[in-house]
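Per numbering that gives the first Met the number 0, residue 0 is the first one in the sequence shown, and the count goes up by one each step.
All C-beta atoms in this analysis are idealised placements derived from N, C-alpha and C, irrespective of residue type, glycine included.
This structure is a prediction, so every number in the text was calculated from the model and none was measured.
Notes for the one structure printed next.
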Amino acid sequence: MKILYVTDIHGDHGKYWQVLEVAREHGVDAVVNGGDMLPKGGANLHRAQKEFFEDFLDGYFAQYEKAGIYHLGYLGNDDLRIFDASFEKACSQYPHAVNLAQKRFELGTFEFIGMNWVADYPFRLKDRCRKDQNEYQFQRQFGSGLLSTKDGFEELDNWFAYAAMLPTIEEELRLLPKPKNPRKAIYVIHMPPAGLGLDVCQSGEKVGSKAIYEFIQGTQSLLTLHGHIHESPACSGVWRAMVGKTVCVQPGQVGADSVSYVLIDLSSMNIERAVDSFVNRKFV
Ligand SMILES: [Zn+2]
Numbered sequence: 000m001k002i003l004y005v006t007d008i009h010g011d012h013g014k015y016w017q018v019l020e021v022a023r024e025h026g027v028d029a030v031v032n033g034g035d036m037l038p039k040g041g042a043n044l045h046r047a048q049k050e051f052f053e054d055f056l057d058g059y060f061a062q063y064e065k066a067g068i069y070h071l072g073y074l075g076n077d078d079l080r081i082f083d084a085s086f087e088k089a090c091s092q093y094p095h096a097v098n099l100a101q102k103r104f105e106l107g108t109f110e111f112i113g114m115n116w117v118a119d120y121p122f123r124l125k126d127r128c129r130k131d132q133n134e135y136q137f138q139r140q141f142g143s144g145l146l147s148t149k150d151g152f153e154e155l156d157n158w159f160a161y162a163a164m165l166p167t168i169e170e171e172l173r174l175l176p177k178p179k180n181p182r183k184a185i186y187v188i189h190m191p192p193a194g195l196g197l198d199v200c201q202s203g204e205k206v207g208s209k210a211i212y213e214f215i216q217g218t219q220s221l222l223t224l225h226g227h228i229h230e231s232p233a234c235s236g237v238w239r240a241m242v243g244k245t246v247c248v249q250p251g252q253v254g255a256d257s258v259s260y261v262l263i264d265l266s267s268m269n270i271e272r273a274v275d276s277f278v279n280r281k282f283v
């Protein structure tokens with residue numbers, strides 16, 4: 000079975016169409032999208048993300064249905080939580096479109112399990128943020144925490160106190176559906192693990208999740224797929240790593256006119272990363 004994994008394409012139509020094009024060319028069974036699917040927005044984030052559902056996603060999923068290719072994905076930390084229902088609805092229109100958030104999906108002899116909570120960061124939007132583990136050192140914040148609401152954002156008086164009431168990443172991982180056979184399981188976890196060079200920011204800071212690293216160590220699944228830190232492979236030179244028998248992949252996502260992705264043959268575990276330019280490419 001062959002899959003294409005892409006992540007953090009933030010509503011870029013060119014990247015979306017290029018991914019489908021490559022998926023068709025290589026005859027993949029499924030495209031796996033690791034989150035942060037919606038436009039980043041600018042001045043009116045709510046409107047930009049809402050329009051993505053109204054104008055784009057349904058037609059895009061229809062093409063997967065037509066091609067008989069699965070689209071397994073979920074929203075990420077930059078995708079407002081108020082749109083979770085819209086995403087679920089968009090997926091429910093097509094048998095080949097699957098919402099993988101905190102869910103398990105069997106495809107052939109393989110099973111995919113998704114998780115889109117992230118360890119906290121300095122940015123203000125906290126819709127999907129969690130403490131990593133109980134003893135967690137918060138980073139210095141860029142301002143008060145915000146949660147999305149239908150009419151804008153709710154400002155949190157004390158994000159640290161609020162976060163203390165939520166399950167940690169470690170607990171969220173424990174709550175995930177269990178694979179029947181870890182050696183046939185692929186975890187799609189937006190947040191990268193710590194300690195492997197898959198989590199390196201422009202500043203050189205390493206922000207990966209210790210809880211996720213320990214989970215991978217303990218579970219020993221076939222494969223884990225990550226994203227979130229777009230620049231990490233460019234900064235560290237690392238886009239794949241091993242934790243025991245588990246292969247961990249983070250393809251990154253940089254550049255406006257190109258898309259980074261990996262093609263994976265799950266039977267042979269042959270994995271190739273590509274960065275395709277799509278300047279001047281016309282999509283039909
Ligand atoms: Zn992210």
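Cβ distance (whole Å) where residue i is taken to contact residue j below 8 Å
i: residue 201; j: residue 8; result: In fact, because the Cβ distance is near 19 Å, the residues do not count as touching under 8 Å.
i: residue 147; j: residue 119; result: Their Cβ separation, rounded to whole angstroms, is 16 Å, which puts residue 147 and residue 119 out of contact at 8 Å.
i: residue 38; j: residue 47; result: 4 Å
i: residue 209; j: residue 132; result: 6 Å
i: residue 302; j: residue 185; result: The question about residue 302 has no answer here: the residues shown for the chain are numbered 0 through 283.
i: residue 74; j: residue 34; result: 6 Å
i: residue 72; j: residue 114; result: Their Cβ separation, rounded to whole angstroms, is 13 Å, which puts residue 72 and residue 114 out of contact at 8 Å.
According to DSSP, residues forming a beta bridge with residue i
i: residue 128; result: 117
i: residue 241; result: 246
i: residue 112; result: 103, 186
i: residue 264; result: 1, 269
i: residue 192; result: 208
i: residue 148; result: 151
Cut-off 6 Å between Cβ atoms - residues of its own chain near residue i, not counting five sequence neighbours on either side
i: residue 234; result: 199
i: residue 242; result: 215, 216
i: residue 258; result: 14, 17, 275
i: residue 222; result: 185, 246
i: residue 96; result: 60, 70, 90
i: residue 64; result: 93, 95
Min CB distance residue i to chain D below 8 Å
i: residue 227; result: Looking at the structure shown, chain D is missing, and only one protein chain is on hand.
Other residues of its chain near residue i: CB distance less than 8 Å, five sequence neighbours each side excluded
i: residue 212; result: 192, 193, 194, 195, 242
i: residue 129; result: 116, 117, 118, 119, 162, 165, 166, 167, 168, 171
i: residue 140; result: 121, 123, 158
Same chain, Cβ closer than 7 Å to residue i, neighbours up to 5 away in sequence not counted
i: residue 56; result: 89
i: residue 26; result: 1
i: residue 249; result: 191, 197, 225, 226, 231, 232, 238
* **Residue list, Cβ distance to ligand 1 heavy atoms smaller than 7 Å** => 7, 34, 35, 75, 76, 77, 117, 189, 226, 227
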